[in-house]
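Visitor: What follows is a structure written as structure tokens; I'll ask about it next.
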Amino acid sequence: MKAIRRFTVRTVLPEPIRPLARLASNLRWSWHRPTRDLFAGLNPRLWTESGEDPVGFLGLVSREELQQLAADQSVVERVRAAEEDLDRYLEEPRWYQGLGPDAPAAIAYFSPEFGITEVLPQYSGGLGILAGDHLKAASDLGVPLIGVGLLYQAGYFKQSLSRDAWQQETYPVLDPDGLPLTLLREPSPDGNGRPLQVSLPLPNHRRLLAHIWRADVGRVPLLLLDSNVPGNDEAARSITDRLYGGGGDHRLQQELLLGMGGVKALRAFQKLTGTAAPEVFHTNEGHAGFLGIERIQELMAGDEALTFDEALAAGRASTVFTTHTPVPAGIDRFEIAQIHHFFQAGLAPDVPVDRILELGRENYADGNASVFNMAVMGLRLAQRANGVAKLHGEVSRGMFSALWPGFDHSEVPITSVTNGVHVPTWVDSRISKLARDQFGSEAEANGRWDLAYNVSDADVWALRREMRAALVDDVRKRLRAAWKKRGAADAELGWTDNVLDPDVLTIGFARRVPTYKRLTLMLREPERLKALLLHKEHPIQLVIAGKSHPADDAGKKMIQDLVRFTDDPEVRHRIAFLPNYDIAMARTLFPGCDVWLNNPLRPLEACGTSGMKAALNGSLNLSVLDGWWDEMYDGENGWAIPTANNGASPEERDDIEAAALYELLETQVAPRFYGSTVSEGAGAAGPSTTSAAEKVPTHWVSMIKHTLAHLGPKVSAERMLRDYVNILYRPAAEAGRSAGANSYLQARSLASWTANVRSAWPHVHVEHVDSVGVSEDPQIGDTLQVNAYVALHSLTPEDVSVEVAYGRAEESDTLAEITVMELKVQEDLGSGRHLFSGSLVIDRSGSFGYTVRVLPRHDALASKAELGLIVNA
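Okay, structure coming up:
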């Protein structure tokens, strides 16, 4: 018999322990071990049964036991102390509060997914985990962030395997009342006012309504919009059915709700709570790009009644756009006609629909003018943009260079902020305990990663083995459960009790499974991999996990091929694939692996953060030089897998890079793990001859210490957040304030000036350039005067910057190692013509060249390339 409706009844706690409800509802517990320990200590069995979910745990405790706990003074005291600690955390000044009054009062952070805890499964992979870590680090630093996303009824799918190793997906429906969420309601005396809701018009006279749920991520409120509400028709209710569910209109409506509905939800939250209005809007990937349209609508319909161009200028000034994809195929695109259809329904009634369409249209060289590109719109609606690693910044500048024709790729206004990971979430509690025991809590709190050098080799090695043994236990349990789901009987599964060995070099590989991440590169030569797994002196073992998108059959085939290899009785004790990779699995997997493997096609990994989490726990990285590893590999924190020349075919490239991977494992990684020893057993030996407890591979341990000391600070999300604040948020807030001051005087002026410049620009050209001072035999140190005669048409010299760019001239006359110097206006020649001059010093020998160019100049521009206008001589 099945229920026709299911709902969660929340526990009413006795007064003495009522703070447990508050502790359970604030997601700080997901990274704050003392709070988790408090819940675990109340009833360890139920804590485990709840999946270590405080809300679920409180629902399992009987009324009688709650009364007993409330009568226990030691429990009451621990609960009171935990609540006081939470209050201090939420209220005391932190790093951000020391920045002074000019720091942004609030920052809105929009993302389609947030990976905060497995209890709130609203994430699919790296983008969501990164967003969750962004919020957690903002909370720890006191950054006044407000997160905005969607609440998916089924989250992302749960993964299992069929008997023939094909990925199976299920979508368990979530009950928001059973999650650490609060429904926002209109004010009422009893606190049970009507739910706040946002409303968007849809085509065919329909409306999309959404409720707003609030999650507290430490100090950071996260607002999640839910379309599964009364008042919506069945189609509208299903818009937030699952993360990245459906396609076409379904995906578009999710993104309209996230962007436009998200701004409306933010305004309702501000009004309800008195929270400061955000001074910066951060668009995390193009999915949330429509927030910019909603902000333009607000400004055009508001008291100031700005025009479209004025509202665009004002909104852009305070908007930050982060791109996470290095490939055009990873960007959401819709048909122009599809966008037109939805906006004709009145989504932004004051905004001309044709101007909205132009924001996302690929109206540039090699673009498709019938397509609406969400990343292109994101870039056009934001004055500041960034990639998520240095290499990804370079790739992004090249990928989007068509938006800035005439500029070198290096000048495209997309910077980079390398991702980081939230240390308290991902560092194993054993490492934290060792740091506290040896150096005190202050050293741990201050992030003294350099103290890793002061820990004895024996202690480091013992800790690594302890974490590896915990992973082995976890793998055995998960593997047995996975096989039972595949239909195996208990009698067939005795072998799972001996899978993996806590004394064998353990390599991890876990991530999403698109084809470019090359899950099966390790299978390129199966016999060679088998030899590595079964090596008598220095064997390896592999733990692998990852989900393929439900529509990606190529990714699913990769999983099937890999799992069929792991099913081989000859090697199945040395290699395991674990279904349903999530945060809970990751917390054991990262600390338990000695080496973290990553072998994507370079440069298709935007950043990748799984290797960072492994590094925090003393794991060494073995990776292609892509994403974050390209900038942080230093030769002593792991190994770089060489990449094939760009001229190689895909097959040749995989062959070459797989061979390089095998070579590294055979000749460097595995021998070093079982290498130089001290204590009782000096000399090289494998696990079959000397117990791991009796030897310490000193070179390996030195690499662990080096990794902890040097990578720890670099890969932390706190470092990332500081970078965002200093490089992007503070300048965006200042620009936004300037744009809006005095009834948007600067925004109005910039819009008028931009229109004038764009109108005049086709008539701007460099008529003639000459130089004075170069002898027939020029030498280093000679001075060269450059004179440029420029026709500005209706523009003035104050509207432009005329520059000379000089450097080494290559055979094709392309300039390299460029220096740029601005020329000064010297004479008005009449009829809109002007002479600009300047002197430069020849600073190099060899082939030397220069050119002159003209660019628009305005104090409100964040970059001289911002308007995409340039005239080259």
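Residue numbers (our numbering): -3 to 869.
Every residue gets a Cβ at the ideal spot worked out from N, C-alpha and C, and that includes glycine.
Values in this document were obtained by computation on a predicted structure and should not be read as measured data.
Determine contact between the stretch 541 to 557 and the stretch 509 to 528, defined as no fewer than three beta-carbon pairs at a distance below 8 Å.
Guide: yes
Visitor: Residue 724 and residue 417 - do their beta-carbons sit closer together than 8 Å?
Guide: Here residue 417 is taken as the residue at index 421 of the sequence shown, counted from 1. Here residue 724 is taken as the residue at index 728 of the sequence shown, counted from 1. No.
Visitor: By a C-beta neighbour count over all protein chains shown, 10 Å radius and 16 as the cutoff for buried, is residue 617 buried or exposed?
Guide: The count along the sequence shown starts at 1 and reaches residue 617 at position 621. It counts as buried.
Visitor: Give the secondary structure of residue 151 by DSSP, where H, G and I count as helix, E and B as strand, and everything else as coil.
Guide: Here residue 151 refers to the residue found at position 155 of the sequence shown. Residue 151: coil per DSSP, three-state reduction.
Visitor: With C-beta atoms as the reference, is residue 509 less than 8 Å away from residue 542?
Guide: By one-based count along the sequence shown, residue 509 stands at place 513. By one-based count along the sequence shown, residue 542 stands at place 546. It is a contact, given that the beta carbons lie within the stated cut-off.
Visitor: With distance defined between alpha-carbon atoms, name the residue in 349, 279, 643 nearest to residue 338.
Guide: On the sequence shown, position 342 is the one that residue 338 refers to. The shortest C-alpha separation from residue 338 is found at 349.
Visitor: Can you have a look at residue 183 and say buried or exposed, based on whether 16 or more other CB atoms are within 10 angstroms of its CB?
Guide: Position 187 of the sequence shown, counting from 1, holds the residue named residue 183. By the 10 Å Cβ count, residue 183 comes out exposed.
Visitor: Looking only at C-alpha atoms, which of 126, 424, 149, 606 sits nearest to residue 596?
Guide: Start at 1 with the first residue of the sequence shown, and residue 596 comes out as number 600. Answer by Cα proximity: 606.
Visitor: Mapping the DSSP letters down to three states, classify residue 48 as helix, strand or coil.
Guide: Sequence index remark: in the sequence shown, residue 48 carries index 52 (1-based). If DSSP states are grouped into helix, strand and coil, residue 48 belongs with coil.
Visitor: Going by the DSSP bridge assignment, what does residue 8 pair with across the sheet?
Guide: Taking the first residue of the sequence shown as 1, we reach residue 8 at position 12. The partner list for residue 8 (beta bridge, DSSP) is empty, contrary to what the question assumes.
Visitor: DSSP state of residue 390, grouped into three classes?
Guide: Looking up residue 390 in the sequence shown gives position 394. Of the three classes helix, strand and coil, the one that applies to residue 390 here is helix, per DSSP.
Visitor: Within the same chain, show all residues whose beta-carbon is closer than 8 Å to that of residue 684, passing over the 5 residues directly before and after it, in chain order.
Guide: Here residue 684 is taken as the residue at index 688 of the sequence shown, counted from 1. Reliability fails at residue 684, whose pLDDT of 40 lies under 50, so the model's placement of it is uncertain and no value is given.
Visitor: Taking the straight line between their C-alpha atoms, what separation do you get for residue 198 and residue 600?
Guide: Here the question's residue 198 lines up with position 202 in the sequence shown. Here the question's residue 600 lines up with position 604 in the sequence shown. Looking at the two C-alpha atoms, the distance is approximately 37 Å.
Visitor: With a threshold of 8 Å, are at least 3 pairs of Cβ atoms found where one atom belongs to the stretch 381 to 392 and the other to the stretch 565 to 578?
Guide: no
Visitor: Just to confirm before moving on: does the CB-CB distance between residue 859 and residue 781 stay below 8 Å?
Guide: Within the sequence shown, residue 859 is the residue found at index 863, counting from 1. Within the sequence shown, residue 781 is the residue found at index 785, counting from 1. No.
Visitor: Measure the alpha-carbon distance for residue 329 versus residue 370 and round it to whole angstroms.
Guide: Residue mapping note: residue 329 aligns to position 333 of the sequence shown, counting from 1. Residue mapping note: residue 370 aligns to position 374 of the sequence shown, counting from 1. Taking the straight line joining both Cα atoms gives about 6 Å.
Visitor: By Cβ distance below 8 Å, which residues in the same chain neighbour residue 813 in space, the five residues on each side in sequence not counted?
Guide: Counted from its first residue, the sequence shown places residue 813 at position 817. For residue 813, where only same-chain residues beyond five positions count, the Cβ hits under 8 Å are 803, 804, 840.
Visitor: Confirm, please, whether the CB-CB distance from residue 848 to residue 761 is below 8 Å.
Guide: Stepping through the sequence shown from its first residue, residue 761 is reached at position 765. Stepping through the sequence shown from its first residue, residue 848 is reached at position 852. No, these two residues do not count as a Cβ contact at 8 Å.
Visitor: By the DSSP assignment, the beta strand (DSSP E) with residue 17 in it spans what residues?
Guide: Here the question's residue 17 lines up with position 21 in the sequence shown. Not the beta strand (DSSP E): residue 17 falls in the alpha helix (DSSP H), residues 15 to 21.
Visitor: Let me check understanding here. Comparing Cα to Cα, which of 865, 786, 811 lies closest to residue 826?
Guide: By 1-based counting over the sequence shown, the position of residue 826 is 830. Ranking the options by Cα distance to residue 826, first place goes to 786.
Visitor: Cβ of residue 862 within 8 Å of Cβ of residue 409?
Guide: Here residue 862 refers to the residue found at position 866 of the sequence shown. Here residue 409 refers to the residue found at position 413 of the sequence shown. Going by C-beta atoms, residue 862 is nearer than 8 Å to residue 409.
Visitor: Report the three-state DSSP secondary structure of residue 60 (helix, strand or coil).
Guide: Looking up residue 60 in the sequence shown gives position 64. In the three-state DSSP reduction, residue 60 falls in the helix class (H, G or I).
Visitor: May I ask which residues mark the beginning and end of the alpha helix (DSSP H) holding residue 581?
Guide: For the purposes of this step, residue 581 is taken as the residue at position 585 of the sequence shown. Taken as a continuous stretch (DSSP letters only), the alpha helix (DSSP H) holding residue 581 covers 579 to 588.
Visitor: So if DSSP puts residue 634 in a beta bridge, which residue, or which two residues, is it bridged to?
Guide: The residue labelled residue 634 in the question sits at position 638 within the sequence shown. DSSP, once it has assigned bridges, lists 617 as partnering residue 634.
Visitor: Taking only the alpha-carbon atoms, compute the straight-line gap between residue 674 and residue 693 and give it to the nearest angstrom.
Guide: Your numbering for residue 674 matches position 678 in the sequence shown. Your numbering for residue 693 matches position 697 in the sequence shown. Its pLDDT being 44, under 50, residue 674 is placed unreliably by the model, and the measurement read from it follows with that caveat. Cα to Cα, residue 674 sits roughly 7 Å from residue 693.
Visitor: Is it buried or exposed for residue 190, if we count other Cβ within 10 angstroms and need 16 for buried?
Guide: For the purposes of this step, residue 190 is taken as the residue at position 194 of the sequence shown. By the 10 Å Cβ count, residue 190 comes out exposed.
Visitor: If you count every other CB in all the chains shown that lies within 10 Å of the CB of residue 376, and 16 or more means buried, which is it?
Guide: Residue mapping note: residue 376 aligns to position 380 of the sequence shown, counting from 1. Buried, by the Cβ-count rule.
Visitor: Is residue 374 helix, strand or coil by DSSP?
Guide: Counted from its first residue, the sequence shown places residue 374 at position 378. DSSP places residue 374 in helix when its eight states are reduced to three.
Visitor: Take the Cβ of residue 366 as the centre, count every other Cβ of all protein chains shown within 10 Å, and call the residue buried at 16 or more, exposed below.
Guide: Translated into positions along the sequence shown, residue 366 becomes position 370. Under this definition residue 366 is an exposed residue.
Visitor: Measuring CB atoms only, is the stretch 727 to 734 touching the stretch 637 to 645, in the sense that at least three cross pairs come out at less than 8 Å?
Guide: no
Visitor: Distance, Cα to Cα, residue 479 vs residue 537?
Guide: What you label residue 479 is simply residue 483 of the sequence shown in a count that begins at 1. What you label residue 537 is simply residue 541 of the sequence shown in a count that begins at 1. Each residue's Cα considered, the two are about 19 Å apart.
Visitor: Measuring straight from C-alpha to C-alpha, what distance separates residue 709 and residue 354?
Guide: Counting from 1 along the sequence shown, the entry for residue 709 is found at position 713. Counting from 1 along the sequence shown, the entry for residue 354 is found at position 358. Cα-Cα distance, rounded: 43 Å.
Visitor: Tell me the rounded alpha-carbon separation between residue 165 and residue 234.
Guide: Taking the first residue of the sequence shown as 1, we reach residue 165 at position 169. Taking the first residue of the sequence shown as 1, we reach residue 234 at position 238. Each residue's Cα considered, the two are about 18 Å apart.
Visitor: Buried or exposed: where does residue 415 fall if 16 or more other Cβ atoms within 10 Å of its Cβ makes it buried?
Guide: The residue you call residue 415 lines up with position 419 of the sequence shown. Residue 415 is buried by the Cβ-count criterion.
Visitor: In this structure, does DSSP put residue 493 in helix, strand or coil?
Guide: Position 497 of the sequence shown, counted from the first residue, corresponds to residue 493. In this structure, residue 493 counts as helix in the three-state DSSP scheme.
Visitor: Work out the CA separation of residue 583 and residue 539 for me, nearest whole Å.
Guide: Position 543 of the sequence shown, counted from the start, is the residue given in the question as residue 539. Position 587 of the sequence shown, counted from the start, is the residue given in the question as residue 583. Rounded to whole angstroms, residue 539 to residue 583 spans 14 Å at the Cα level.
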